[in-house]
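Engineer: In UniProt numbering, the protein residues as written are 1 to 256.
C-beta atoms are modelled at their ideal positions from N, C-alpha and C, and glycine is treated no differently.
Right, I'll just put the structure down here and ask away after.
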């Protein structure tokens, strides 16, 4: 990575992220569930937030944004489609735009499904994807507003990123997501190995994010729509499409 990444636990299971680029002394915060723990993390390291990026409008991702911006003078950036339900933005952005942040050229990616206005931020030089509640560690966000087709397209877009990309998602839910994955494939050795690592990390109160995209592609049921083993585990016919596999998996997760 060309930057330093700091993970800040917030609320009960949320994460905010701080990205600091030492070469330009640029500090960016992604999502602000609450301001106090982020301010504490910044102050402990002698950092001042320059920018705040918001992935979507849910309160557990934005409730501290206005207070953090007021305390630091940081510029608040969020999706134009969601501007009416976000804190007052200094800059509204749309998918396809590129944000110059320090020496980075951050891509604003369309990420509907969890909400219709959800966006993600990809730092290509650092190899970081801030996916909010779209692609989650070992799972994906619940479809509160969008359709299965929208979320599936979002996740497929992410799969086209380099395998070494680190996925920085918005919640600590890896163990719960892993239990669902193992309910479908209880004898899958890679899933079992991952769960052992996750449980050890959580026993030590360590975050299970970020996670490498390559591993997500091998273990996340919502990224494996073309895998015959998963299709069979979901009792779907051989000709079922990747979208049909995703839809069935998401329906089962909702009932899990």
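Nearest to residue 223 by alpha carbon, out of 60, 13, 185, 135?
Structural biologist: Minimum Cα distance to residue 223 is reached at 135.
Engineer: Can you say whether residue 73 is buried or exposed, counting buried as having 16 or more other CB atoms within 10 angstroms of its CB?
Structural biologist: By the neighbour-count rule (16 or more Cβ atoms within 10 Å), residue 73 is not buried but exposed.
Engineer: If you run the structure through DSSP and keep just helix, strand and coil, what is residue 159?
Structural biologist: Residue state, collapsed to three classes: helix.
Engineer: Determine the direct distance from the alpha carbon of residue 108 to that of residue 121, and round the result to whole angstroms.
Structural biologist: Answer to the nearest angstrom: the Cα atoms are 5 angstroms apart.
Engineer: State yes or no: is the C-beta of residue 169 within less than 8 angstroms of the C-beta of residue 209?
Structural biologist: Yes, these two residues count as a Cβ contact at 8 angstroms.
Engineer: Counting Cβ pairs closer than 8 angstroms, one from the stretch 100-118 and one from the stretch 20-31, do we hit at least three?
Structural biologist: Enough Cβ pairs lie closer than 8 angstroms, so yes.
Engineer: Look up residue 234 in the DSSP assignment and say whether it is helix, strand or coil.
Structural biologist: Residue 234 falls in the coil class under three-state DSSP.
Engineer: Mapping DSSP to helix, strand and coil, what is residue 205?
Structural biologist: Residue state, collapsed to three classes: coil.
Engineer: Where does the unbroken beta strand (DSSP E) through residue 183 begin, and where does it stop?
Structural biologist: No beta strand (DSSP E) holds residue 183; the alpha helix (DSSP H) holding it covers 174-184.
Engineer: Are the beta-carbon atoms belonging to residue 132 and residue 56 less than 8 angstroms from one another?
Structural biologist: In this structure, residue 56 lies closer than 8 angstroms to residue 132 by Cβ.
Engineer: For the alpha helix (DSSP H) that contains residue 246, what are its first and last residues?
Structural biologist: From DSSP, the alpha helix (DSSP H) with residue 246 extends over 242-255.
Engineer: Residues in its own chain within less than 7 angstroms of residue 144 by CB, not counting five upstream and five downstream?
Structural biologist: Closer than 7 angstroms at Cβ, skipping near neighbours: 114, 115.
Engineer: Is residue 55 helix, strand or coil when you go by DSSP?
Structural biologist: Looking at residue 55 - three-state DSSP - the assignment turns out to be coil, as it is neither helix nor strand.
Engineer: In three-state terms, what does DSSP make of residue 154?
Structural biologist: Three-state DSSP puts residue 154 in a helix.
Engineer: Within its chain, find whatever has a CB closer than 8 angstroms to the CB of residue 93; leave out the 5 residues flanking it on each side and keep chain order.
Structural biologist: Excluding residues within five positions, the ones whose Cβ falls inside 8 angstroms are 77, 78, 79, 80, 99, 108, 119.
Engineer: Reducing DSSP to helix, strand and coil, say where residue 216 ends up.
Structural biologist: DSSP places residue 216 in helix when its eight states are reduced to three.
Engineer: Is it true that the CB of residue 173 sits closer than 8 angstroms to the CB of residue 13?
Structural biologist: Yes; because the gap between Cβ atoms is below 8 angstroms, this pair is in contact.
Engineer: Taking just the CA atoms, how far does residue 205 sit from residue 96?
Structural biologist: Cα to Cα, the separation comes out at about 37 angstroms.
Engineer: How long is the line joining the alpha carbons of residue 215 and residue 63, rounded to whole angstroms?
Structural biologist: Near 32 angstroms, if we compare the C-alpha coordinates of residue 63 and residue 215.
Engineer: Mapping the DSSP letters down to three states, classify residue 28 as helix, strand or coil.
Structural biologist: Strand, per DSSP.
Engineer: Suppose you measure from the CA of residue 226 to the CA of residue 243; what does that come to, to the nearest Å?
Structural biologist: Each residue's alpha carbon lies about 9 angstroms from the other.
Engineer: Near residue 256, which residues of its chain fall below 6 angstroms by C-beta distance, leaving aside the five closest residues on each side in sequence?
Structural biologist: Taken in chain order, the residues that qualify are 180.
Engineer: Can you list, in chain order, the residues of its chain whose CB lies under 7 angstroms from that of residue 34, leaving out five sequence neighbours each side?
Structural biologist: Excluding positions up to five away in sequence, the list reads 10, 11, 63, 64.
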